[in-house]
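Here's the structure we're looking at; comments come further down.
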Ligand SMILES: Nc1ncnc2c1ncn2[C@@H]1O[C@H](COP(=O)(O)OP(=O)(O)O)[C@@H](O)[C@H]1O
Ligand SMILES: [Mg+2]
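Numbering (the working numbering), first residue to last: 146 to 405.
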């Protein structure tokens with residue numbers, strides 16, 4: 146069982162969306178996932194309710210996968226997390242995601258140290274990456290407080306909500322000079338951080354993920370209905386990016402474990 150947390154001093158950067166993206170990709174692989182939503186504004190906790198409320202128009206909604214995805218809210222103390230790990234490991238869970246609250250909170254420090262990998266999401270905008278840089282410094286400060294022999298989590302910043310033009314530059318389909326100086330600065334800033342190689346595009350499906358539920362499940366349902374084929378195909382394309390990120394992050398954790 147692997148554990149991944151999000152961490153970011155400011156809200157609105159895509160922490161919760163990233164958590165849902167990884168859950169979507171993991172479910173599509175048949176993995177069993179638990180999300181601890183410890184945000185004081187628990188968006189992920191209400192995922193099933195927002196999915197139930199949402200209208201899918203002409204497409205019939207699939208059943209929520211209770212067998213593969215569980216979500217719980219605020220925890221009283223760290224024992225609740227560690228006891229949860231023990232129970233989930235015994236119940237065959239493959240992945241635990243912890244979505245923390247924004248701000249430099251002491252509880253977040255304990256939570257991220259209880260995971261294999263910490264993700265700092267950032268949009269390619271100065272208001273985000275400048276805070277991501279400060280969050281990185283905070284992470285380094287936290288590492289100073291742990292005893293020398295205790296395992297420390299790996300860390301990656303993740304560039305998210307990336308506009309299509311910037312994606313084209315990253316894939317080599319467009320020359321970097323076609324970006325504005327501000328966008329170039331943003332890319333440079335992210336490259337200078339310990340970033341994941343996979344970036345997450347700005348996508349309508351990720352923006353609407355609260356309504357779609359885990360995207361692989363949604364894509365499968367949409368694809369099986371004539372009215373949903375077009376959307377289903379587009380969802381699969383977008384999900385592939387989430388799968389690539391999950392793949393990369395699981396490999397980072399494996400390498401770290403092998404080195405220990
Ligand atoms: N990759 C993305 N594509 C499109 N919209 C996104 C993406 N990531 C986040 N968003 C949108 O940005 C807003 C903030 O994202 P959210 O994940 O709630 O941030 P946080 O949890 O850090 O506060 C939400 O409206 C979300 O739908
Ligand atoms: Mg959030």
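Even glycine gets a Cβ: it sits at the ideal position worked out from N, Cα and C.
Simplified DSSP assignment, three categories, for residue i
i	result
residue 243	strand
residue 337	coil
residue 316	coil
residue 266	strand
residue 200	coil
residue 395	helix
residue 301	strand
residue 147	strand
residue 290	coil
residue 182	strand
residue 371	helix
residue 217	strand
residue 346	strand
Residue i beta carbon near ligand 2 (any heavy atom closer than 6 Å)
i	result
residue 155	no
residue 280	no
residue 184	yes
residue 188	yes
Contacting residues, own chain, Cβ-Cβ under 7 Å from residue i (five flanking each side not counted)
i	result
residue 297	288 and 291
residue 237	177
residue 158	266, 267, 268 and 273
residue 168	178, 180, 214, 242 and 359
residue 199	356
CB-CB length for residue i against residue j, believed under 8 Å
i	j	result
residue 303	residue 243	About 15 Å separates the two Cβ atoms, so there is no contact after all.
residue 273	residue 267	5 Å
residue 311	residue 241	Wrong, their Cβ atoms sit about 31 Å apart, outside the cutoff.
residue 245	residue 154	The Cβ separation is near 10 Å, so there is no contact.
Cβ shell of residue i (< 6 Å), same chain only, five flanking positions each side left out
i	result
residue 323	none
residue 351	162
residue 334	274
residue 319	313
residue 277	265, 267 and 302
residue 190	182, 216 and 218
residue 283	249
residue 378	none
Check: residue i C-beta below 6 Å from any heavy atom of ligand 1
i	result
residue 160	yes
residue 347	yes
residue 306	yes
residue 246	no
residue 283	no
residue 209	no
residue 351	yes
From the options, residue whose alpha carbon lies closest to that of residue i
i	options	result
residue 166	405, 381 and 402	381
residue 391	233, 301, 189 and 328	301
residue 308	329, 321 and 348	348
residue 401	256, 154 and 260	260
residue 195	354, 283, 369 and 387	354
residue 362	220, 187 and 211	211
residue 387	234, 174 and 157	174
residue 306	345, 230 and 285	345
residue 185	341, 220, 169 and 197	220
residue 247	192, 356, 160 and 328	160
residue 271	192, 326, 384 and 364	326
residue 224	192, 252, 394 and 315	252
residue 385	398, 343, 395 and 403	343
Close-in-space but distant-in-sequence residues of the same chain around residue i (CB under 8 Å, 5 per side omitted)
i	result
residue 204	366, 367, 370, 372, 373 and 376
residue 179	214, 215, 216, 217, 229, 233, 238, 240, 241 and 242
Closer than 6 Å: residue i CB and nearest ligand 3 heavy atom
i	result
residue 190	In terms of ligand content, the structure shown lacks ligand 3 and carries ligand 1 and ligand 2 instead.
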